[in-house]
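In our numbering, the protein residues as written are 219 to 480.
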């Protein structure tokens with residue numbers, strides 16, 4: 219999409235810069251009122267609506283979606299002005315035609331800058347294919363994990379605790395069940411921690427769950443409580459939204475997670 223928008227903006231920049239006669243003919247038809255301004259306003263509303271419809275509002279960090287959103291809003295505002303404030307449109311069109319080069323150069327630079335922005339944000343350099351799970355001199359890959367979302371170093375400095383994210387709406391069709399995993403640093407081996415369920419002593423008494431509920435872990439962190447016990451806290455998305463608490467214990471060199479509430 220970035221490439222398409224870059225081409226469109228580049229074409230706009232060229233057309234505005236080198237089509238003075240065509241633009242002036244359009245202005246003349248406009249001033250002679252041979253163009254239905256309300257129809258143009260309606261068309262602008264439709265275009266603006268289509269641009270906004272194309273934007274996924276649940277994901278706003280893509281430059282092309284932000285650009286479409288801004289142009290969609292501008293198009294809708296232009297449509298409303300054309301429909302309800304005709305005299306204002308005629309006054310602005312007169313000013314534009316009398317100062318064509320001032321406006322055209324400014325607009326050309328704007329569209330050219332937008333085209334360059336689209337291109338610059340599209341290419342991030344060569345991307346290594348890691349499907350085969352092969353490490354090289356630049357990157358070391360561990361492929362025994364599914365959607366590792368967050369990582370915490372355990373107190374013995376020998377293991378990493380990872381939350382395996384199961385997915386969340388609207389990015390997935392439904393909230394999914396995830397899991398926990400340990401990465402043993404000395405041999406890079408995956409280990410599934412033992413999970414034990416106990417009474418809710420650290421959380422809200424109204425928050426309950428059973429061993430069959432499963433978890434949808436997201437962000438995690440470790441803290442040491444006043445009594446010296448190690449508390450694991452994580453954001454949970456499955457089967458309900460909650461903050462879950464575990465006590466982390468080491469038993470015969472193996473780490474165990476005991477549920478203590480939510």
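Glycine residues also receive a C-beta, built at the ideal position from the N, C-alpha and C atoms. Nothing here was measured: the structure is a model prediction, and the numbers come from that model.
Could you please give the first and the last residue of the uninterrupted alpha helix (DSSP H) stretch that includes residue 282? 281 to 302
Thinking C-beta only, is residue 382 closer than 7 Å to residue 365? yes
Considering residue 414, what are the terminal residues of the beta strand (DSSP E) in which it resides? 412 to 415
Roughly how many whole angstroms lie between the Cα atoms of residue 379 and residue 268? 45 Å
Whole angstroms is fine: what's the gap from residue 396's alpha carbon to residue 386's? 10 Å
According to the neighbour-count rule (16 or more other Cβ atoms, all chains shown, within 10 Å of its Cβ), is residue 271 buried or exposed? exposed
Report yes or no: do the region 349 to 360 and the region 411 to 428 share at least 3 C-beta pairs separated by less than 8 Å? no
Please return the same chain residues whose Cβ sits closer than 6 Å to the Cβ of residue 336, not counting the five positions on each side in sequence. 220, 223 and 224
In its own chain, which residues sit with a C-beta less than 6 Å from the C-beta of residue 368, not counting the 5 before and 5 after it? 381, 437 and 438
Nearest-angstrom Cβ-Cβ length linking residue 415 and residue 429, presumed shorter than 8 Å: 5 Å
Given residue 410, which residues of its chain have a CB within under 7 Å of its CB, disregarding the five upstream and five downstream residues? 399
Have a look at residue 203 and residue 237 and give me their C-alpha separation to the nearest angstrom. Residue 203 lies beyond the residue range present for the chain, which begins at 219 and ends at 480; the question has no answer from this structure.
3 or more residues per run - each beta strand (DSSP E) lying fully within the region 306 to 375: 366 to 371
Since residue 394 is in the alpha helix (DSSP H), which residue starts that stretch and which ends it? Unbroken run through residue 394: none, as it is neither H nor E.
Start-end ranges of the beta strand (DSSP E) lying completely within the region 393 to 473, minimum 3 residues: 397 to 402, 407 to 409, 412 to 415, 435 to 442, 448 to 454 and 460 to 469
Quick one: what's residue 378 bridged to in DSSP? 371 and 401
Return yes when the Cβ of residue 433 is within less than 7 Å of the Cβ of residue 454, no when it is not. yes
Out of 465, 459, 458 and 431, point me to the one whose CA is closest to residue 445's CA. 465
Residue 262 and residue 297 - do their beta-carbons sit closer together than 7 Å? yes
Look up residue 267 in the DSSP assignment and say whether it is helix, strand or coil. helix
Going by DSSP, name the residue or residues bridged to residue 475. 413 and 466
Reduced DSSP secondary structure (H/G/I, E/B, other) of residue 237: coil
Please report how far the alpha carbon of residue 305 lies from the alpha carbon of residue 319, in whole angstroms. 23 Å
Simplified DSSP state of residue 232, which is helix, strand or coil: helix
Identify whether residue 254 lies in helix, strand or coil by the three-state DSSP scheme. coil
Excluding the 5 residues preceding and the 5 following residue 300 in the sequence, name in chain order all residues of the same chain whose CB lies nearer than 8 Å to its CB. 255, 256, 258, 259, 262 and 307
Under three-state DSSP, which class holds residue 488? Because the chain here runs from 219 to 480, residue 488 falls outside it and cannot be looked at.
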